[in-house]
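Visitor: Structure provided below as C-alpha cells; questions to follow.
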Amino acid sequence: MTAAATRPATTRAHESTSQPGTAGDAAAFLRDFRSLSAIGETPGHGVDRQAATPADAQARAWFTSLAAQYGFRTETDRIGNLFALIEWNPGAPYVLVGSHLDSQPTAGKYDGAYGVAAALHAGRRLADRAASQSPDGGTPPAAPKYNLAVVDWFNEEGCRFAPSMMGSSVYTGKLPADVALAVTDTAGTSVRDALTEIGHLGSGFGPTAAAYAEIHIEQGRSMEDSGTTIGLVHACWAAAKYTVTVHGEQAHTGSTVIADRKDALLGASRLVVLLREIADHFSGAVLHTSVGQLTVYPNSPVVVPSRVELVMDLRTADEDILASAKALLRAGIAAIEAEANVSIDVAESHAWGINPYQPAGVALAAECAAELGLSHRQVFTLAGHDSINMKDVVPTVMLFVPSVDGISHNEREYTNDDDACAGVDMLTRVVERLCNGDLDGAAAPEAGARPEGTK
Ligand code: GLV
Ligand code: MN
Ligand code: MN
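Add 52 to a position in the sequence shown, counting from 1, and you land on the number used in the numbering used here.
Here is the structure:
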C-alpha cells in the first residue's frame, strides 16, 4: 500500500452539496442495514459473525451484491479485505471509506456493520450524484480528484484470530501478510484456510489510498450524555494487550493435599482480580482493565488445571498511568506466582499508543457537521478501529454516532435511526470533500505528539 503523493487537481472540483439525504435515502439505508442485521442473527437479536465463518461470508455476499447494485466493482486483497470500487478519474488513488462486518460472538448489530452500511450508502449517493452530472452516465464533467473505495476490513474484532484490526494492519504494512495468514483459531484452523474455505482469499494489495474515513458507534456514553449527534474523534486511548499462560500441575481435586497443589486456575483467578484492583487503584476511571478470555486445560471436573491461557487488556489516555499500571502488574504477578505456587508467562500481543488523528481532518469534519446543522464535539476513541492504523499512513477522519446507554459488545447495542441516518449524511459530506482532495497534505501527526486532553 502506498499513500498517494499530493498532486494537482486535474479537473474542476466536483460540485459540492451539503444537504442532508432525502427521506428516500434514509429509508434505503435503514432497509439495507436491517437486511445486514439479519445475517448471523442470534436468538437475543444480536449477531454472531466471527471472521471468516459462514455468517461472515454471507455478510460479505450482502456487501458484494449491494455494491454491484450501486455500480461498484469488488475485489479482495491477500488478507481478505473486501473493496467496492468506483473509478471517476482513471489512475487516481482512492478515498477509502468503511469499517468491518465481522463481529464478536453474541455481539450487537452496529459495531462495524453500521460503518460499512453507511459507507456503501455514502458511496451510492456520491456515485448517483456523479452519474446525474454526467451527460452520458459515465465520467462527470467535474469529476472528483480521487476515486472511491468502500472497504470491509477483514477481522477487525480479533476474537477468532488475534490480533484485532488484522486486515488494516496488513494493508498498512504493520503486520506481514504471511504472519497474519498463519494465525490459527482455537480449533487449529489458520486464517489462510478459513479465508480459502469461504472463498475470500484474494490477492494483491488493494487500491492505493489517498485518504480514509470511518463512522462507528461510540460504544460509550459521552455523546448520549451531552446530547451530541456526531463525535469527531481526535485521538485514541492507548491499549496494551497481553497473552498470558499460567502454568501449574495437573492433580486430583479430591485427593491432592491443598499445600501440594499448583493450581493454574487459582493463579489465573488471582490475576483477574489483580487487574480489577489495578484499575480501582487510580481514581476517576482513567484506566480500564480486563481479562476477556480464559482457556483452561484440561477443563475437567475432577482435575486441578495444569494450564490456563488468558488475554489481558489495559487502556488509558495517560502514559504515566500506563507505566504505573504495568509496574503494579509486574509486582502483582510475582506475588501470585509465590502465593499460588504457579509460574506465569506474559507476552505483549498487540498494542497501540495514545495518538492524535490529523487535526485538519477533525476541523474538516467539524465544518461538515456545522453545514449540516448536526451537533458535534471532539471525542476520544477508547475502542480499537481500523482508522487507528489508517491515520498513520493517510489523512483520516473518524466519526461516531451515539450508542444508547453506551452498551457495546452486547446484543442490546443500539443507536436510534435518526442518529444512524444523520451519520450517513455526515459521512457522505466528509467523503465528498476527501474525494475533492480537501485533506491533501494533512500529514500524520509526528510519532509521540500529545493529543489534546492526554498526558
Ligand atoms: C478492538 O476493537 C479493540 O478495541 O481492541
Ligand atoms: Mn468495531
Ligand atoms: Mn468490536
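Glycine is no exception: its CB is placed at the ideal position from the N, C-alpha and C atoms.
Are the segment 288-304 and the segment 399-410 in contact at 8 angstroms, needing three or more beta carbon pairs?
Guide: Enough Cβ pairs lie closer than 8 angstroms, so yes.
Visitor: Of all the options 143, 320, 115 and 372, which has the alpha carbon lying nearest to the alpha carbon of residue 387?
Guide: That would be 320, whose Cα lies nearest to the Cα of residue 387.
Visitor: Hey, does residue 203 have any beta-carbon neighbour from chain B nearer than 9 angstroms?
Guide: No chain B is part of this structure, which consists of one protein chain only.
Visitor: Would you decide whether residue 304 is buried or exposed? Buried here means 16 or more other CB atoms lie within 10 Å of its CB.
Guide: Burial call: exposed.
Visitor: For ligand 1, enumerate in chain order all residues having a CB closer than 5 angstroms to any of its heavy atoms.
Guide: Listed along the chain, these residues meet the criterion: 216, 435 and 436.
Visitor: Answer yes if the segment 429-437 comes into contact with the segment 247-261, meaning at least three C-beta pairs across the two stretches below 8 angstroms, and no otherwise.
Guide: They do not touch, by the three-pair rule.
Visitor: Please list, in chain order, all residues of the same chain as residue 300 whose beta carbon is under 6 angstroms from its beta carbon, the five residues on each side excluded.
Guide: Cβ neighbours of residue 300 beyond the five flanking positions: 314, 315, 316, 358 and 394.
Visitor: Go through its chain and collect everything with a Cβ distance to residue 238's Cβ below 6 angstroms, but skip five positions before and after it.
Guide: Same-chain partners within the cutoff: there are none.
Visitor: Name the DSSP bridge partner or partners of residue 313?
Guide: The partner list for residue 313 (beta bridge, DSSP) is empty, contrary to what the question assumes.
Visitor: Have a look at residue 182 and residue 195 and give me their C-alpha separation to the nearest angstrom.
Guide: Taking the straight line from one Cα to the other gives about 7 angstroms.
Visitor: Going along the chain, which residues of its own chain have a beta-carbon closer than 8 angstroms to the beta-carbon of residue 229, five neighbours each way excluded?
Guide: Only 130, 131 and 222 meet the Cβ criterion.
Visitor: Which residue wins for smallest C-alpha separation from residue 174, given the options 392, 107, 271 and 84?
Guide: Comparing Cα-Cα distances from residue 174 to each of 392, 107, 271 and 84, the minimum goes to 84.
Visitor: Going by DSSP in three states, residue 63 sits in which element: helix, strand or coil?
Guide: For residue 63, the predicted model reports a pLDDT of 35, less than 50, meaning its position is unreliable; a value from the coordinates is still stated below. Coil at residue 63, not helix or strand.
Visitor: State the Cα-Cα distance for the pair residue 341 and residue 397, rounded to the nearest angstrom.
Guide: When rounded, the distance between both Cα atoms is 18 angstroms.
Visitor: Would you mind giving the Cβ-Cβ distance between residue 121 and residue 91, rounded to the nearest angstrom? I have them listed as a contact below 8 angstroms.
Guide: About 16 angstroms; that fails the 8 angstroms criterion.
Visitor: Rounding to the nearest angstrom, what Cα-Cα distance links residue 7 and residue 474 in this structure?
Guide: The requested residue 7 is not part of the displayed model; the chain covers only 53 to 507.
Visitor: Ligand 2 and residue 365: does the residue's C-beta get closer than 8 angstroms to at least one heavy atom of that ligand?
Guide: No, since every heavy atom of ligand 2 falls outside the 8 angstroms radius drawn around the Cβ of residue 365.
Visitor: Kindly list the residues whose CB is nearer than 8 angstroms to the CB of residue 338, restricted to its own chain and excluding five residues on each side of it in sequence; keep chain order.
Guide: Hits under 8 angstroms: 368, 369, 370 and 373.
Visitor: What are the residues that DSSP puts in a beta bridge with residue 346?
Guide: Paired residue(s): 362.
Visitor: Going by DSSP, what residues sit across from residue 367 in a beta bridge?
Guide: The partner list for residue 367 (beta bridge, DSSP) reads 291 and 340.
Visitor: Does the beta carbon of residue 438 fall short of 8 angstroms from some heavy atom of ligand 3?
Guide: No, the Cβ of residue 438 stays beyond 8 angstroms of every heavy atom of ligand 3.
Visitor: DSSP three-state call for residue 441: helix, strand or coil?
Guide: Three-state result, residue 441: helix.
Visitor: Taking the continuous beta strand (DSSP E) assigned at residue 247, which residues delimit it?
Guide: Careful: residue 247 lies outside any beta strand (DSSP E), inside the alpha helix (DSSP H) at 243-249.
Visitor: With DSSP run on the structure shown, which of helix, strand or coil describes residue 373?
Guide: Of the three classes helix, strand and coil, the one that applies to residue 373 here is helix, per DSSP.
Visitor: Label residue 310 either buried or exposed according to how many other C-beta atoms from any shown protein chain fall within 10 Å of its C-beta, with 16 as the threshold for buried.
Guide: It counts as exposed.
Visitor: Closer than 8 angstroms: is that where the CB of residue 155 sits relative to any heavy atom of ligand 3?
Guide: Flag set: Cβ of residue 155 near ligand 3.
Visitor: Rounded to a whole number of angstroms, what is the C-alpha to C-alpha distance between residue 114 and residue 98?
Guide: Distance between the alpha carbons of residue 114 and residue 98 is about 17 angstroms.
Visitor: At a threshold of 8 angstroms, does residue 460 count as lining ligand 3 (C-beta to nearest heavy atom)?
Guide: Checking every heavy atom of ligand 3 against the Cβ of residue 460, one is found closer than 8 angstroms.
Visitor: Would DSSP call residue 204 helix, strand or coil?
Guide: In this structure, residue 204 counts as strand in the three-state DSSP scheme.
Visitor: Ends of the alpha helix (DSSP H) at residue 231?
Guide: 229-234 is the span of the alpha helix (DSSP H), which, as asked, contains residue 231.
Visitor: Would you kindly report the start and end of the unbroken alpha helix (DSSP H) that includes residue 81?
Guide: Per DSSP, residue 81 belongs to the alpha helix (DSSP H) from 75-89.
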